[in-house]
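Here's the structure we're looking at; comments come further down.
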Amino acid sequence: IFASSSSLKVGLELALVGEAGCAQGGGFQFYRWRGSGFDGMLLLPLLSGLLCACATAMVSTKSTLPKVSAPANFVAPEPKPLSMTRPREQLPGLLTGGLALAIRLATGVFTLGWKPKLLLGAEAEDIGPGTRKYGFRVGPLAFRDESPLLATAPRPELPLVLYEYEASPFCRKVREAALLLDIPLELRPCPGARAGFASELQERTGRMTVPYLIDPNTEKEMFESDDIIEYMLDAYGPSRDAYDAKAIWPLRGAFAVTTATFATLLRGLAGSQRLENARPDNEQMLPLELWGYEPSPFVRPVREKLCALCLKHVLIPTSRGSANRDRLIAKTSVQQFQVPFLVDPNTGVELFESPEILDYLEAVYTV
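The number in the numbering used here is simply the position in the sequence shown, starting from 1, with 73 added.
Right, here's the structure in full:
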């Protein structure tokens, strides 16, 4: 109900003349509005029905979520930063992950405007165990990195949504651009652009083409990796004059596609197909939360597994210079920063350590 005149003084008299339970389809309510030039009875039978429908939908959604639980006798592993908990198992993946990182010139390891900083005195004392602040301290000195450029750049209130899959070189470019800009992404895996959330994408757009970006903050949606990257730079990056364009050169042209393809081949096309033993209802799960940056050889296997299982997940970027490093330290109270860190709202489990995360995902989300 809208009043066009700002001088209109309206008094509201509510008279409930009839009521029926939600189960019977809602009730009828009469409202009398009295004011200068306006006096009438307005029948709003849809109001209570709408409220009941919303409540019913919320209860229904909650009750129809797939039921999963942590493995029997599960205990989250103790975080062990800068170490391999299973050397023989991890070494091959770390080698191929390191080669993929080198081929891509470490794109995504550092945020745009990354700046290292040496701290002394009181500033150094503010870094270390118990301070909940990211950095490395050695005696009276401390090292910390940040991105002053991104500190003043616009930040999205909600994660951007990206339909993608791990093995696509075009999707890789977009994910790396988001890491440069320290932007969280809700990733909806579409292995081979045919499985996972590909059917949902087709219903929305009429196409099974990735990457496809949805920005819920601006209601912008688009295909094409280059267009998506330019959009993110304009919407959430610093002024183009504030940084050297060479910083985003690895995301451009034939070099980006070729090297991203070789990086995918080195990883054996991981994430390009839905695992045959993945639970059929994985796409209906609540989004998991992964803290990390995918160029890390420790994080990438987890990303590949999430994609192959077709699990929706929000990637919280933690590249060098990311403000999220402080947030992760504060959230977990760990003595020293490390990734990956997985938060699973479907089971309530939170854990570090790449091999243990892979075991956990295999135990919970396969049949």
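Every residue gets a Cβ at the ideal spot worked out from N, C-alpha and C, and that includes glycine.
For clarity, every value in this text was computed on a predicted model and none was experimentally measured.
- Under the three-state reduction of DSSP, residue 259 is assigned to strand.
- In the structure shown, residue 305 falls within a helical segment according to DSSP collapsed to helix, strand and coil.
- If you draw a 10 Å sphere on the C-beta of residue 168, you find fewer than 16 other C-beta atoms in it, and that means exposed.
- Of 437, 414, 379 and 440, the smallest CA-CA separation from residue 150 is found for 414.
- Within the DSSP secondary-structure output, residue 179 pairs in no beta bridge.
- Counting along the chain, residue 268 sits inside no beta strand (DSSP E), nor does DSSP assign it H or E at all.
- Take the alpha-carbon of residue 259 and the one of residue 175: they are about 26 Å apart.
- Here DSSP, grouped into helix, strand and coil, assigns residue 365 to strand.
- Under the DSSP assignment, residue 318 falls outside any beta strand (DSSP E); it carries neither an H nor an E label.
- Bounds of any alpha helix (DSSP H) do not take in residue 287; it lies within the beta strand (DSSP E) bounded by 285-288.
- Under the DSSP definition of a beta bridge, residue 393 partners with 183.
- With respect to the 9 Å criterion, residue 207 and residue 402 are classified as neighbours on the basis of their beta carbons.
- Straight across, the Cα-Cα distance linking residue 434 with residue 422 is about 11 Å.
- One thing to note: residue 245 has its Cβ within 9 Å of the Cβ of residue 333.
- The C-beta of residue 364 has 16 or more other C-beta atoms within 10 Å across all chains shown, which makes the residue buried.
- If you compare the alpha carbons of 173, 157, 147 and 138 with that of residue 343, the shortest gap goes to 173.
- One thing to note: residue 301 has its Cβ no nearer than 9 Å to the Cβ of residue 234.
- Comparing C-alpha distances from residue 195 to each of 214, 178, 308 and 180 shows the shortest one belongs to 214.
- With respect to the C-alpha of residue 161, the residue from 391, 428, 436 and 317 having the closest C-alpha is 428.
- For residue 328, the secondary structure class from DSSP, reduced to helix, strand or coil, is helix.
- Proximity to residue 345 across 377, 209 and 230 peaks at 377, based on C-alpha coordinates.
- A direct Cα-to-Cα measurement between residue 250 and residue 408 gives close to 29 Å.
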